[in-house]
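If you're matching them up, the sequences are chains V and C in order.
Numbered per the numbering used here, the first sequence spans residues 22 to 255.
Numbered per the numbering used here, the second sequence spans residues 22 to 255.
What follows is a set of notes on a single structure, which appears directly below.
There are 2 protein chains.
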Amino acid sequence: MSSDASFLTPVAGGRASQQIVDQIVELLRTGELKAGHRLPSERQLAEAFGVSRVTVRDAIRILQARGLMEVKVGVSGGAFVTAPTADVLGERLSDVLAMSDISPEEVAEARLVMELGILDLALKRATDDDLAALGDICEQAEQAMVDDSYDPQLASDFHARLAAASQNWAVTQVAESFRGPLRMAALREREPVDDAHQRTVEDHRVVLEALTERDRDAARAAMVRHLTRGTSLT
Amino acid sequence: MSSDASFLTPVAGGRASQQIVDQIVELLRTGELKAGHRLPSERQLAEAFGVSRVTVRDAIRILQARGLMEVKVGVSGGAFVTAPTADVLGERLSDVLAMSDISPEEVAEARLVMELGILDLALKRATDDDLAALGDICEQAEQAMVDDSYDPQLASDFHARLAAASQNWAVTQVAESFRGPLRMAALREREPVDDAHQRTVEDHRVVLEALTERDRDAARAAMVRHLTRGTSLT
DNA sequence: GACTATCATAATGTCTGACCATTTGACCAT
DNA sequence: ATGGTCAAATGGTCAGACATTATGATAGTC
C-alpha cells in the first residue's frame with residue numbers, strides 16, 4: 022500500500038468493521054448463513070469478534086445497506102439474513118441515474134433494450150404455463166377496465182411475468198430493477214394521459230398474441246410501440 | 022428530540038440515522054451537494070443535527086455503502102461526496118447473483134442481452150469518432166498479440182467503447198456493471214483456453230467491421246458467436 | 001373461563017465522553 | 001534545503017449507560 026511491503030500484512034487492518042463485513046459475507050457466499058437465519062445479538066457478536074458494540078453495528082449497517090441483512094428491534098429481534106432482491110439493485114440504479122444527469126429518455130431506452138431482450142428469450146422459451154399466466158393477467162386487466170377498478174400493478178405484473186417466461190432469473194432481476202427508477206422518472210413528466218391504461222391493456226394483449234404465435238417481428242414491434250408511448254423516444 | 026420535541030415530527034421517522042441519510046440524499050438529489058464537496062466533520066454534523074456522533078456515523082456508513090460518499094481520515098479528511106458509479110451497481114449485482122444460485126450461464130446470457138441491445142443502438146448511432154476509437158482499440162490489441170504483450174483490459178475497453186457508441190449512458194452504466202460479476206462467474210469455470218485472446222481480438226474486429234458497414238445481422242451474429250465462446254450457452 | 005391490562009424481559013437504538021490511529025502541515029534542527 | 005518532530009484535526013474505536021420497542025408472561029377483571 023505505502024511502499025512495497027507486500028511480503029507482510031497485505032494489511033490485516035483496514036477498518037475493523039469492514040473485516041467483520043467481509044467475514045460475514047464469506048459465510049453468506051459459502052452458504053453457512055442463509056436467508057432467515059438470525060445472527061447473534063450485537064453484544065454477543067462484539068464479544069465474539071473482540072470488538073466493541075459500535076464496530077459490530079457499523080458492520081451490520083453496511084450489510085443492511087447491501088440488502089443482505091434486515092434488523093428488527095425488540096425481543097426476538099436482531100439481524101436476520103435476507104436474500105438480496107432486485108429492489109436494492111433498483112435503488113442503487115436510481116442513485117446512479119438520479120445523480121448523473123441521465124435523461125428519462127435514456128432510462129426508458131435502456132429499459133426498452135432489456136424488454137426486447139427478454140422478449141427474444143421468451144419467444145424461444147415461453148411455456149404454455151407462461152402464456153396462460155400472461156393471458157390471465159391480460160384478462161384480469163381487461164375485466165378491471167370495464168369495472169373501472171384498474172390497478173397499475175397489473176401492468177407491472179405483466180412485465181414481471183413476461184420476464185419470468187425468459188427462464189432466466191438474472192435477466193428477470195435486472196429487468197425488475199428498472200421498475201423503480203422508471204416510475205421515478207415517469208413522475209417528472211406527468212402527462213395527464215386519459216386512456217393510457219386502456220392502451221396499456223391493449224398493447225399487452227397484442228404483445229401476448231404475437232408471442233403466442235411466435236411472431237418475433239410483430240412482438241418486437243408491439244413492444245416498441247408500447248414502451249415508446251408518452252416519452253419522446255425516437 | 023427527547024425533551025419537548027413532541028410538537029414536531031410526532032413519530033416521524035424510524036431511525037434517526039435514516040432521517041439524516043434522507044436529508045443528505047435530498048441535498049444530493051437537488052444538487053446542493055455535488056461530487057467533490059466535503060461534508061462538515063462528524064462532530065459538527067452531530068451538533069447540527071442535534072444527535073450524537075455515533076448516529077451521524079451510522080448515516081455516513083449507509084451513504085458510503087450506497088456509493089454516495091467516500092471517507093478519508095486525517096486532518097483535511099472527512100466525508101466527501103462522490104458520484105455513484107456503475108461499480109456499486111456491479112457489486113450489488115454480484116451480491117444478488119452470488120446469493121441466489123444463479124448459474125454463470127444465466128449471467129452470461131443476461132449480458133448477451135445487454136450487449137445485443139447496445140449493438141442495435143450503436144448500429145443506429147455510432148459516429149465516425151466511435152468507429153475510429155474502436156478501430157484504435159482493435160489495432161492496439163492486434164499489435165499486442167504479435168508483441169505477446171496482450172492485456173485483457175483491451176477487451177474490456179472494446180466493449181466499454183462500444184457501449185459508449187450507443188450514445189446512452191444509462192445503457193452504458195448498466196452494461197458496465199455486468200463486468201465485475203461476469204469476471205467472477207468466469208473464474209469458476211476456468212477453461213484453459215490457449216488462443217482465447219487471439220479469438221477475442223479477431224471477434225472484435227469482425228464485430229467492428231460489420232458495425233462499420235451497418236450490417237445488423239452480421240454484427241449480431243458475430244457478437245453472439247463472440248460471447249458464447251466458452252460457456253455452454255445454447 | 002375468556003378477555004384485557006400491566007409488567008418483565010431482551011433486543012436494538014441512541015447518547016455521552018473518552019481515547020486511539022492517521023494524516024497533514026508547520027516548525028525546528030541539522 | 002533536508003529531514004525529523006510535533007501539534008492539530010479527523011475518523012475509528014471503546015466502554016457504559018439510558019431509551020425505545022416488541023414479545024410473552026402474568027395478574028386482574030368481567
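By construction, the Cβ of each residue, glycine as well, lies at the ideal position given by its N, Cα and C atoms.
All figures in this text were calculated on a predicted structure; none of them were measured in a lab.
Taking the beta strand (DSSP E) that residue i falls in, what are its first and last residues?
i: V102 of chain C; result: G99 to V102
i: K55 of chain V; result: Per DSSP, K55 of chain V belongs to no beta strand (DSSP E) and is neither H nor E.
i: M90 of chain V; result: M90 to K93
Under 7 Å between beta-carbons, which chain C residues line up against residue i? List them in chain order, please.
i: R82 of chain V; result: D79, R82 and I83
i: A131 of chain V; result: N189, A191, V192 and V195
Residues in its own chain within less than 7 Å of residue i by CB, not counting five upstream and five downstream?
i: L144 of chain V; result: L232, R235, R237 and A240
i: F70 of chain C; result: I41 and V77
i: L128 of chain C; result: One point to set straight first is that residue 128 of chain C is Val, not Leu, in the sequence displayed. So the qualifying residues of the chain are L118, P202, L203 and A206.
i: R7 of chain C; result: Absent from the structure is residue 7 of chain C, since the part of chain C shown begins at 22 and ends at 255.
Please work out which residues of its chain come closer than 8 Å, Cβ to Cβ, to residue i, disregarding the five sequence neighbours upstream and downstream, and give them in chain order.
i: S115 of chain C; result: G201, P202 and M205
i: C159 of chain V; result: F179, V222, H225, R226 and L229
i: V192 of chain C; result: M135, G138, I139, L142 and A184
i: H58 of chain C; result: F101 and V102
i: M166 of chain V; result: H218, Q219 and V222
i: A131 of chain C; result: F199
i: V195 of chain V; result: A107, L110 and M135
i: L84 of chain C; result: V42, I45, V46, M90 and A100
Closer than 9 Å by beta-carbon distance: list the chain V residues that pair up with residue i, in chain order.
i: G88 of chain C; result: R113, D116 and V117
i: V75 of chain C; result: V75 and R78
In the DSSP assignment, find the alpha helix (DSSP H) that holds residue i and state where it starts and stops.
i: M244 of chain C; result: R237 to L248
i: Q174 of chain C; result: Q174 to A186
i: V117 of chain V; result: A107 to A119
i: R132 of chain C; result: P125 to R146
i: S198 of chain V; result: W190 to S198
i: V8 of chain V; result: Any question about residue 8 of chain V goes unanswered here, given that chain V covers just 22 to 255.
i: R64 of chain C; result: E63 to F70
i: E163 of chain C; result: D149 to D168
i: R74 of chain V; result: R74 to A86
i: D224 of chain V; result: A217 to T233
For a contact meaning CB atoms closer than 8 Å, what does residue i contact in chain C?
i: M244 of chain V; result: Result: empty, since nearest Cβ-Cβ is about 12 Å, beyond 8 Å.
Closer than 8 Å by beta-carbon distance: list the chain V residues that pair up with residue i, in chain order.
i: R50 of chain C; result: A119 and M120
i: V72 of chain C; result: Correct list: empty, because the minimum Cβ distance to chain V is about 15 Å.
List, in order along the chain, the chain V residues whose C-beta lies closer than 7 Å to that of residue i?
i: L137 of chain C; result: G138
Residues in the same chain with beta-carbon distance under 6 Å from residue i, minus the five sequence neighbours each way, listed in chain order, please.
i: A186 of chain C; result: A143, A147 and D151
i: A100 of chain C; result: L60, I81, M90 and V92
i: L66 of chain V; result: V77
i: A104 of chain C; result: A56
i: L155 of chain V; result: R182 and L229
i: A37 of chain V; result: V72 and T76
i: Y171 of chain V; result: A165 and H218
i: Q188 of chain C; result: R146
Problem - Chain-ordered residues of the region 111-129 of chain C with a beta carbon less than 7 Å from chain V - result: R113, L114, D116, V117, L118, A119, M120, S121, I123, E127 and V128
Handout entry: Contacting positions in the region 181-192 of chain V - beta carbon closer than 7 Å to chain C
Key = N189, W190, A191 and V192
Exercise for the section: Please list the residues of the region 99-110 of chain C that have a C-beta atom closer than 8 Å to any C-beta atom in chain V, keeping them in chain order. Expected result: A104, P105, T106, A107, V109 and L110
Handout entry: Against chain C: residues of the region 150-170 of chain V by CB proximity under 7 Å
Key = none
Handout entry: Within 7 Å of chain V by C-beta, residues of the region 224-250 of chain C in sequence order
Key = none
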